[in-house]
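First residue of the sequence shown: 10, per the numbering used here; consecutive thereafter.
Cβ coordinates follow ideal geometry from the N, Cα and C atoms, glycine included.
Structure first, commentary second.
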Amino acid sequence: MASGKISIIVVTGSHERLQMAAMLASVGAVSGNDVSVFLSMNSLQYFVKGHDQSPPAEGSFGTLMASRNVPPFRTLFEQAVDLGDAKIFPCSMAMDVMGIEPDVLQPWLGEPLGLTKFLADAQDGQVYTF
């Protein structure tokens, strides 16, 4: 994989899409890419400390992953930060709507960010949405 800029927007609350976004972030980051992830809407709840509930599966593959030894999406996102220097930002608007304060989010998340800033930073790179 050639080095470049990868920006990932995650708004889903489904197991399969969270898993794929996390795999893209971790593989991209450890491959030397500049990776930024924007967590908003239905995804943000899964990054609150103590929220251990698994997201619902969209289909049979999500159910199958849950029964296998697949690394959890939170672990993959955290590894993207630790091993590849990815940046993962919670959406400031979603935090306001949900009444979430920064101190209740996972410690490896970056500072809250607005969509306008995230998109400006994503310019000239690959953008994926889940």
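Within its own chain, the residues whose Cβ lies closer than 8 Å to the Cβ of D91, once the five positions on either side in sequence are excluded, are W117, listed in chain order.
C-alpha of S35 to C-alpha of M102: approximately 25 Å in a straight line.
CA-CA distance, D94 to L73, rounds to 30 Å. In this model, G119 and P99 are separated by some 7 Å (Cα to Cα). Taking 3 residues as the minimum length, the beta strand (DSSP E) runs contained wholly in the stretch 18–76 are 43–48, in order along the chain. Annotation: E110 to S76 spans about 33 Å, alpha carbon to alpha carbon.
Looking at the backbone, the Cα of G37 and that of V136 are separated by about 12 Å. By the CB criterion at 8 Å, G13 and G134 fall inside the cutoff. When C-alpha distances from Q28 are compared across S63, M104 and M107, the shortest belongs to S63. Contact between L124 and F56 fails: their C-beta atoms lie close to 17 Å from each other, not under 8 Å.
Excluding five sequence positions before and after A31, the CB atoms of its chain that fall closer than 6 Å to its own CB belong to F82, L85 and F86, given in chain order.
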